[in-house]
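Asker: Handing you this structure, nothing more for now.
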Amino acid sequence: MQERLKVKPQLLTTAQPQVSPQQQQEIIQAITGVIVPNTNAKADIWIERGGQLWRLRRSEEAIKAFDEAIKQNDPDNVYLAWYGKGLALFALDKYQPAIEALQQAINTLPKGEDLKEFHSSILQLQSNVYDVLGGFSKSAGREREARENYEQALTVINQAISLFPNSPKSYIIKRLVLDSLERYDEGLAAINQAINLAPRAWLYLTRAMYYQSQKKYDLALDDHNKAIELNPNYAMAYSVRALHYSSQQKYDLALDDYNKAIEINPNYAEAYVNRGVLYFEQKKYELALSDYNKAIEINPNLAQAYLGRGGLYAILGQPEKVKIDLQQAAILFLQQNNMAAYEQVMQILQQLGG
Numbered sequence: 001m002q003e004r005l006k007v008k009p010q011l012l013t014t015a016q017p018q019v020s021p022q023q024q025q026e027i028i029q030a031i032t033g034v035i036v037p038n039t040n041a042k043a044d045i046w047i048e049r050g051g052q053l054w055r056l057r058r059s060e061e062a063i064k065a066f067d068e069a070i071k072q073n074d075p076d077n078v079y080l081a082w083y084g085k086g087l088a089l090f091a092l093d094k095y096q097p098a099i100e101a102l103q104q105a106i107n108t109l110p111k112g113e114d115l116k117e118f119h120s121s122i123l124q125l126q127s128n129v130y131d132v133l134g135g136f137s138k139s140a141g142r143e144r145e146a147r148e149n150y151e152q153a154l155t156v157i158n159q160a161i162s163l164f165p166n167s168p169k170s171y172i173i174k175r176l177v178l179d180s181l182e183r184y185d186e187g188l189a190a191i192n193q194a195i196n197l198a199p200r201a202w203l204y205l206t207r208a209m210y211y212q213s214q215k216k217y218d219l220a221l222d223d224h225n226k227a228i229e230l231n232p233n234y235a236m237a238y239s240v241r242a243l244h245y246s247s248q249q250k251y252d253l254a255l256d257d258y259n260k261a262i263e264i265n266p267n268y269a270e271a272y273v274n275r276g277v278l279y280f281e282q283k284k285y286e287l288a289l290s291d292y293n294k295a296i297e298i299n300p301n302l303a304q305a306y307l308g309r310g311g312l313y314a315i316l317g318q319p320e321k322v323k324i325d326l327q328q329a330a331i332l333f334l335q336q337n338n339m340a341a342y343e344q345v346m347q348i349l350q351q352l353g354g
């Protein structure tokens with residue numbers, strides 16, 4: 001049971017720098033202070049207003065603004081209103097209406113070579129929506145429906161690439177869709193295309209994880225190193241390279257990389273979890289507990305931290321604390337729609353009588 005309680009290191013992104021509450025309020029006041037007349041406002045004013053509201057995550061209001069522009073049906077810009085509405089609907093998790101709005105954006109898009117790139121960007125978003133729909137279908141056990149959505153996502157992103165082949169974003173989206181379809185070799189080829197177009201640190205890191213899963217460890221390490229060379233302050237790159245070193249039993253190198261990741265970003269909760277796992281496996285239980293506690297302090301919604309700490313409490317012979325942490329992990333996995341992890345934790349709880 002203790003083996004099953006071990007938390008697997010999770011590869012999660014670092015938190016982005018946050019705007020201060022005062023700055024947020026100033027931005028909101030500046031944007032909402034622009035009064036849009038209820039009548040006679042031109043479509044481009046409504047589109048601009050909708051975009052501002054969408055950026056403020058006020059998507060319901062954004063949709064109303066975009067609808068005002070759509071009513072005017074100005075052939076020069078109505079496609080932008082439909083596109084904005086699609087973005088806002090997607091933000092509200094209204095996936096099928098978002099797909100329909102994006103299709104309207106395509107249908108109303110003026111012809112011209114200069115708009116091919118924008119046409120491609122609409123298709124990128126539409127592919128994203130289909131991929132998300134596929135994920136929901138899969139979580140609900142509707143495998144056939146999920147595959148249909150994934151296949152549609154692939155068809156749409158291929159259309160985007162055909163229209164504008166030089167967008168690395170299209171290949172990044174294609175990689176995600178191919179992963180959903182479990183076509184990993186093709187996903188690797190898509191990442192190679194993205195790297196050729198835009199050799200970014202995080203793309204090398206992504207490819208390294210492919211190589212790691214294929215047990216091509218030398219290639220994986222080369223890409224880890226390249227990511228760090230391109231961005232020496234990329235905390236996640238150190239944390240992921242540490243996982244590589246751990247898999248090779250190079251624990252001192254792994255620890256150095258976790259320490260570096262945390263030095264760069266002291267609020268990197270996932271790095272504390274992963275370092276806690278390393279300490280756990282080395283039977284340095286006090287250090288492991290300290291790291292799990294720190295991860296939970298930084299991010300109380302990090303399910304893996306509770307799972308890891310629960311496993312540690314099992315080793316330490318504290319069964320009540322085991323149950324409390326596993327119950328919290330199960331709740332969070334369920335909220336995050338990670339059904340496989342939720343079911344695994346629930347099975348352990350049942351064995352414990354929790």
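The numbers in the UniProt record's numbering rise by one with no breaks, and the one at position 190 of the sequence shown is 190. Think of the CB as a built atom: it goes at the ideal place given N, C-alpha and C, for glycine as much as any other residue.
State the DSSP-derived secondary structure class of Gln336, mapped to helix, strand or coil.
Answerer: Of the three classes helix, strand and coil, the one that applies to Gln336 here is coil, per DSSP.
Asker: Need the endpoints of the alpha helix (DSSP H) that residue 431 sits in, please.
Answerer: Past the edges of the chain, shown from 1 to 354, lies residue 431, and the structure says nothing about it.
Asker: When you compare each of Ser162, Glu117 and Tyr130 to Glu100 by their alpha carbons, which one comes out closest?
Answerer: Tyr130
Asker: Going by C-alpha to C-alpha distance, which of Ile296, Tyr150 and Asn128 sits closest to Lys138?
Answerer: In this structure, Tyr150 is the residue among Ile296, Tyr150 and Asn128 with its C-alpha nearest to the C-alpha of Lys138.
Asker: Quick check: the stretch 220-238 against the stretch 192-205, are at least 3 beta-carbon pairs closer than 8 Å?
Answerer: yes
Asker: State yes or no: is the C-beta of Val277 within less than 8 Å of the C-beta of Gly308?
Answerer: yes
Asker: For Tyr313 versus Gln282, is the C-beta distance shorter than 8 Å?
Answerer: The answer is no: Cβ separation not under 8 Å.
Asker: If I'm right that Ile88 touches Ser127 with Cβ under 8 Å, what's the distance once you round it to whole angstroms?
Answerer: The residue asked about is misnamed: residue 88 is Ala in this sequence, not Ile. So it is not a contact: roughly 18 Å between Cβ atoms.
Asker: If you draw a straight line from the C-alpha of Trp54 to the C-alpha of Ala62, how long is it?
Answerer: 5 Å
Asker: By Cβ distance below 8 Å, which residues in the same chain neighbour Glu66 in space, the five residues on each side in sequence not counted?
Answerer: Here residue 66 is Phe; the residue named in the question, Glu, does not match the sequence. The residues are Trp46, Ile47, Gly50, Ala81, Trp82, Gly84, Lys85 and Ala88.
Asker: Within the same chain, show all residues whose beta-carbon is closer than 6 Å to that of Ala194, passing over the 5 residues directly before and after it, in chain order.
Answerer: Pro168, Tyr171, Ile172 and Leu203
Asker: Can you grab the Cα-Cα spacing for the pair Ala242 / Tyr342, in whole Å?
Answerer: 26 Å
Asker: Going by beta-carbon coordinates alone, are Ala190 and Lys174 separated by less than 8 Å?
Answerer: yes
Asker: For Gly86, which of helix, strand or coil comes out of DSSP?
Answerer: helix
Asker: What is the rounded straight-line gap between the Cα of Ala153 and the Cα of Ala140?
Answerer: Within the model, the alpha-carbon separation for Ala153 versus Ala140 is close to 19 Å.
Asker: Whole angstroms are fine: how far does the CA of Ala254 sit from the CA of Arg246?
Answerer: Before going further, note that residue 246 is Ser rather than Arg in the sequence given. Cα-Cα distance, rounded: 6 Å.
Asker: Keeping to the same chain, check which residues put their C-beta closer than 7 Å to that of Thr155; ignore five residues upstream and five downstream.
Answerer: For Thr155, there are no CB contacts under 7 Å within the same chain when 5 residues up- and downstream are skipped.
Asker: Classify Lys42: buried if its beta carbon has 16 or more other beta carbons within 10 angstroms, exposed otherwise.
Answerer: exposed
Asker: Please classify Ser59 as buried or exposed, where buried requires at least 16 other C-beta atoms within 10 Å of its C-beta.
Answerer: Buried.
Asker: With DSSP run on the structure shown, which of helix, strand or coil describes Glu182?
Answerer: coil
Asker: Please classify Lys174: does DSSP put it in a helix, a strand, or coil?
Answerer: helix
Asker: Keeping to the same chain, check which residues put their C-beta closer than 6 Å to that of Leu123; ignore five residues upstream and five downstream.
Answerer: Val156, Gln159 and Ala160
Asker: Name the residue from Ala91, Lys215, Lys321 and Glu297 whose alpha carbon lies nearest to the alpha carbon of Gly248.
Answerer: It should be pointed out that residue 248 corresponds to Gln in this sequence rather than to Gly. If we check each option's Cα against that of Gln248, Lys215 comes out closest.
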